[in-house]
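> Going by UniProt numbering, the first residue of the sequence shown is number 1, and it counts up by one from there. Backbone N, C-alpha and C define an ideal beta-carbon position, used for all residues, glycine too.
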Amino acid sequence: MRVLLVGAGGVGTAITRIAARRPFFDRMVVADHDPARAEAAVAALGPDGARFRAERVDAGDEAQVTALLERHGCDVLLNATDPRFVMPLFRAARGAGATYVDMAMSLSRPHPERPYEECGVKLGDEQFAQAGQWAEAGALALVGMGVEPGLSDVFARYAADELFDTIEEIGVRDGANLTVDGYAFAPSFSIWTTIEECLNPPVVYEAERGWFTTEPFSEPEVFDFPEGIGPVECVNVEHEEVLLVPRWVDARRVTFKYGLGREFIDTLRTLHLLGLDRTAPVTVPGPEGPVEVSPRDVVAACLPDPAALGDRMRGKTCAGTWVRGVKDGAPREVYLYHVVDNEWSMAEYGCQAVVWQTAVNPVVALELLATGAWSGAGVLGPEAFPAGPFLDLLTAYGSPWGMREQ
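1. Taking the straight line between their C-alpha atoms, what separation do you get for residue 376 and residue 350?
2. Alpha carbon to alpha carbon, how far is residue 287 from residue 293?
3. By the three-class DSSP mapping on this structure, what secondary structure does residue 49 have?
4. Could you give the distance in angstroms between the alpha-carbon of residue 204 and the alpha-carbon of residue 89?
5. Pull up the DSSP beta-bridge partners for residue 236, would you.
6. Helix, strand or coil: which one does DSSP assign to residue 219?
7. Looking at the unbroken alpha helix (DSSP H) that takes in residue 150, where does it start and where does it end?
8. State the Cα-Cα distance for the pair residue 161 and residue 302, rounded to the nearest angstrom.
9. With residue 297 as the anchor, note down where its alpha helix (DSSP H) starts and where it stops.
10. Considering residue 349, what are the terminal residues of the alpha helix (DSSP H) in which it resides?
11. Is it buried or exposed for residue 185, if we count other Cβ within 10 angstroms and need 16 for buried?
12. In terms of residues, what are the limits of the beta strand (DSSP E) holding residue 214?
13. Which runs of the beta strand (DSSP E) fall wholly inside the UniProt domain "Saccharopine dehydrogenase NADP binding" (3-142) and span at least 3 residues, in chain order?
14. Here's the rule: buried if 16 or more other CB atoms are within 10 angstroms of the residue's CB, otherwise exposed. What is residue 23?
15. Counting along the chain, where does the alpha helix (DSSP H) carrying residue 392 start and finish?
16. Would you kindly work out how many angstroms separate the C-alpha atoms of residue 339 and residue 173, rounded to a whole number?
17. Three or more C-beta pairs closer than 8 Å, one from the stretch 340-359 and one from the stretch 300-317: is that the case here?
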């Protein structure tokens, strides 16, 4: 297997450090719009970097990406950029005949008249619209293969196959007790992506209604997270699992709730009130005349790089899937989860917990594709594949998962 990894930020760099320890691929080309970032990611691997090469690429330039895939003979494109670049990279992979893997799906657009009641363009709609072309070509696009979405979807598949006869509800629940020394506000993941998913109308799935939306931060609940994290208030947030799980898993209701915390929610609401969450450029004075800038890009530039916060972070992050249903005629409720301690991920890989937890899952998926344990054609989510091989291999990577009866 020869892999083109597009994006050498926090998650991309973590992917290289995890993959360097595994023998399943022959070459990984690490490409970024900033060649210095790609070169730094490869250089940091030291002697383990012999199978890696740094390149520069514009992720929005399909022709350039396709040419890079062909020049290096890569048969897989792994997208570690933000969701703005999903579609050009998705199309570039198809043009080059490569397998495509991402961790976030094509962007949504709210319903123009009823944004908090009805879906407009849903997450992943643009990709699924091309599913027939991929299937007809015998090509695979594995979409939403990070931690959430990704591992959370694998948990849903495992629950359906192994733990339940019928499922009433699948609810992804994400929480942490992470703190960052020296910062009053320092998100542990891309603020661009965080704003996108938190301020868009959250989507809920119900078998009787299909997909519908609610207001941001709706339906607050307190969820007790394992391994010492404890109770965290979680709220509805737009996320791919709600759009993916019902396509392959039979459940009457599917939700995603994120443990953001009151201060974080208030900050996001303030950004929205001021228009600083917008992506459309605004004109501002510059030293050489007016300059067009995206308010959201300005916010991101003003905050610390999440990938560089590891030495200041304390605590654990938990991603998991809560499932309620019936097994052998009796009610059952479980929480399948994966916890990463920042102290461990920093000591073992030099990566903070949130980016490491996101990065490990696509590497596991690539290995399953390389060995043939996973295979398929079309635009498929993680739920379309058997969960057992993935969970076994994740444990073999030194990062076991857990299950709690509720």
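Short version:
1. 34 Å
2. 14 Å
3. helix
4. 28 Å
5. 257
6. coil
7. Counting along the chain, residue 150 falls outside any alpha helix (DSSP H), and DSSP gives it neither H nor E.
8. 46 Å
9. 295-302
10. 342-349
11. exposed
12. Counting along the chain, residue 214 falls outside any beta strand (DSSP E), and DSSP gives it neither H nor E.
13. 27-32, 52-56, 76-79, 99-102 and 140-142
14. exposed
15. 387-396
16. 12 Å
17. yes
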